[in-house]
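Here the protein sequences line up with chains A and B, keeping their order. Under our numbering, think of the first position of the first sequence as 1, with each following residue one higher. Under our numbering, think of the first position of the second sequence as 1001, with each following residue one higher. Positions of the beta carbon are idealized from the N, C-alpha and C atoms, including for glycine. Treat the numbers as computed from the prediction; the structure is a model and nothing was measured. Okay, so here's the structure we're looking at.
Number of protein chains: 2
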Amino acid sequence: MQISSRFSVAVHVLSLLALQQENDVLLTSERMAGSVNTNPVVIRRLLGQLKKAGLVEVRPAAGGTFLTRRPAAITLLEVYRAVEVVEAGQLFSVHDKPNPACLVGRNIQSALDDTLQRAQTALEQVLAGVTLQQVTTDIVAKA
Amino acid sequence: MQISSRFSVAVHVLSLLALQQENDVLLTSERMAGSVNTNPVVIRRLLGQLKKAGLVEVRPAAGGTFLTRRPAAITLLEVYRAVEVVEAGQLFSVHDKPNPACLVGRNIQSALDDTLQRAQTALEQVLAGVTLQQVTTDIVAKA
DNA sequence: AGTATTGTAACATTGCTGGTTACAGTGCTA
DNA sequence: TAGCACTGTAACCAGCAATGTTACAATACT
């Protein structure tokens, strides 16, 4: 089972916004959908989540969409959290009703919990160490 | 989306095997299912994967199931890999056909790939640092 | 031979993802 | 003020993976 592509799509969309140069060309959900290769509604749903997280400002009608912060001040962890790929602290799912009459069943959850938390945190710390700026710099460098 | 509970169930089952003391009492899939609180077939399917990975030996009929190694020599990463929660290197899914006519669409995948790999590896290294022995010791300590 | 158990196929159910249509709301601009 | 281009969101669909369940053949002890 994989982590939803919603995360990579979000980074894609934010990169488009970060690199948006022509201010006279409106970056609509339609246009973004064209770059991601998906449906505009998927993009609008995603922008709704990014807006809720305070990462973008969306002005209705022909207003356009903008980052609320410099790309260097947005980490991939914030994006990851914004799109709710995983509820906080719940990357691993654990079978929920082990038999309490059994020594192992009674204690497996707490015995595993610390390790699973640390594993998840390790992953998140890598994301926390990369900014949107670094991603766009990389994109431009490859061009 | 979450990582399948197959992983936590696998650790549960292996812990039962590791703590199996009474050699005259057979640890059947039925009994393991009772501790995990699931269906015996789910356990048998899981044991099939653990067997394929060389972690357990299952003797058909009334033969029983046993670890092939000491608990201290089994890491949680091996278990994680054995149950194929995630294909190698594929924890994150990435939208697969971005528009090659767009600067961002053309380069987003390779710009993200390194970071996603590092995040995944960070998670796996935590699992690699914990053995089944440590888990069972913890379970017993809590009793 | 009888019995308990494993191996596995087949199927149902559930829940999430991503795509799609539809339409009301919003705010420019003519 | 009417028309427009766009966003916000609800509703629905198909596809897929996870988990549970029944059923039954194969296996190897007693």
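If you look at glutamate 78 of chain A, you'll find it in the alpha helix (DSSP H) that goes 76 to 82. As for any beta strand (DSSP E) of minimum length 3 sitting wholly inside the region 1045 to 1117 of chain B, the runs are 1056 to 1059 and 1064 to 1067, ordered along the chain.
DSSP places threonine 1131 of chain B in the strand class (E or B) of the three-state scheme. Listed in chain order, the non-local C-beta contacts of leucine 55 of chain A below 8 Å within the same chain comprise Leu14, Leu67, Thr68, Arg69, Ile74, Glu78, Val79 and Ala82, local neighbours out to five positions each way being set aside. Its chain contains Leu1091 as the residues whose beta carbon lies nearer than 6 Å to that of glutamine 1120 of chain B, once the 5 sequence neighbours on both sides are disregarded; these appear in chain order. A Cβ-Cβ contact shorter than 9 Å links proline 1098 of chain B with valine 36 of chain A. For methionine 1032 of chain B, the uninterrupted alpha helix (DSSP H) run begins and ends at 1029 to 1036, by DSSP.
Chain A places no beta carbon closer than 9 Å to that of arginine 1070 of chain B, leaving this residue out of the contacts. Contact with chain B is found for isoleucine 3 of chain A, since one of that chain's Cβ atoms lies less than 9 Å from the residue's Cβ. With fewer than three CB-CB distances shorter than 8 Å, the region 1125 to 1143 of chain B does not count as touching the region 40 to 56 of chain A. For arginine 45 of chain A, none of the residues of chain B pass the 8 Å Cβ criterion, the least Cβ distance being about 14 Å. Under the DSSP assignment, leucine 17 of chain A falls in the alpha helix (DSSP H) whose first and last residues are 6 to 19. With its beta carbon at least 9 Å from every one in chain B, valine 83 of chain A lies outside the interface.
A straight-line Cα-Cα distance of about 45 Å links leucine 1103 of chain B and leucine 1046 of chain B. Cα atoms of histidine 1012 of chain B and alanine 61 of chain A: separation of roughly 54 Å, rounded to the nearest angstrom.
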